[in-house]
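> The structure is given below, and queries will be raised subsequently.
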Amino acid sequence: MKLFVGLAASVALFGGVQFLHGGNGQSEATELIPTNAYRLTANGDEAACAIHRAEVSEGLSLLSVAPNCRKLMPGIEHAKFWREQADGSVAFSDDGVDPIVTFGVADGDGYESYAPAAPLLALSTSE
132 MKLFVGLAAS VALFGGVQFL HGGNGQSEAT ELIPTNAYRL TANGDEAACA IHRAEVSEGL
192 SLLSVAPNCR KLMPGIEHAK FWREQADGSV AFSDDGVDPI VTFGVADGDG YESYAPAAPL
252 LALSTSE
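In terms of the numbering used here, the sequence shown has 204 at position 73, counting the first letter as 1, and numbering is strictly consecutive.
As structure tokens, then:
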């Protein structure tokens, strides 16, 4: 009897999942997979460097900044943290609190820096 109840519960659960997913086994919700590789450019220059992040908690990620990023903005190579703010802006810092550079969401894909005012930095996803 316990086997029958367990089997019936499993079938009901599977059927419910299939019903919620439209019967095709795929979720209808679009899953957003965060991109962890970025390309940093300054003032529209062709020079670029690589930024990688690894999320450690909601809104906070560890950063890996390529050493050649120093050519774009001296001091940015020391950034260790990526912190997302409620307004969608992103701040890079070496201590998790005091920003070295702050980016706002750009038109289209990516971010543009607004603090400090110069140099103007663009951060876009790297494919």
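Every residue gets a Cβ at the ideal spot worked out from N, C-alpha and C, and that includes glycine. If you're wondering where the values come from, they're calculated on a predicted model, not measured in any experiment.
#1: Since S192 and E186 should fall inside the 8 Å C-beta cutoff, what is the C-beta to C-beta distance between them, to a whole number of angstroms?
#2: Check each candidate in P247, D240, D218 and E177 and name the one with the smallest Cα separation from D229.
#3: Are the beta-carbon atoms of N199 and L251 separated by less than 7 Å?
#4: At what residues does the beta strand (DSSP E) containing H209 begin and finish?
#5: Under DSSP, the beta strand (DSSP E) around P230 begins and ends at which residues?
#6: Between A168 and E177, what straight-line distance do the alpha-carbon atoms span, to the nearest angstrom?
#7: Could you compute how far the alpha carbon of G206 sits from the alpha carbon of F223?
#8: Could you name the residues of the same chain whose beta carbon sits closer than 8 Å to that of S188, not counting the 5 residues immediately before and after it, in chain order?
Let's see:
#1: Here residue 192 refers to the residue found at position 61 of the sequence shown. Here residue 186 refers to the residue found at position 55 of the sequence shown. 5 Å between Cβ atoms; contact.
#2: Residue numbering aside, residue 229 sits at position 98 when the sequence shown is read from its first letter. Comparing Cα positions, the closest option is P247.
#3: Indexing the sequence shown from 1 puts residue 199 at position 68. Indexing the sequence shown from 1 puts residue 251 at position 120. Cβ distance not < 7 Å, so N199 and L251 don't count as in contact.
#4: Translated into positions along the sequence shown, residue 209 becomes position 78. Looking at the DSSP string, H209 is not in any beta strand (DSSP E), and its letter there is neither H nor E.
#5: Here residue 230 refers to the residue found at position 99 of the sequence shown. Residues P230 to V236.
#6: For the purposes of this step, residue 168 is taken as residue 37 along the sequence shown, with counting starting at 1. For the purposes of this step, residue 177 is taken as residue 46 along the sequence shown, with counting starting at 1. Answer to the nearest angstrom: the Cα atoms are 18 Å apart.
#7: Position 75 of the sequence shown, counted from the first residue, corresponds to residue 206. Position 92 of the sequence shown, counted from the first residue, corresponds to residue 223. Their backbone Cα atoms lie some 11 Å apart in a straight line.
#8: Counting from one through the sequence shown, the residue named residue 188 turns up at place 57. If we look at S188 and ignore the five residues flanking it on each side, it has no Cβ neighbours.
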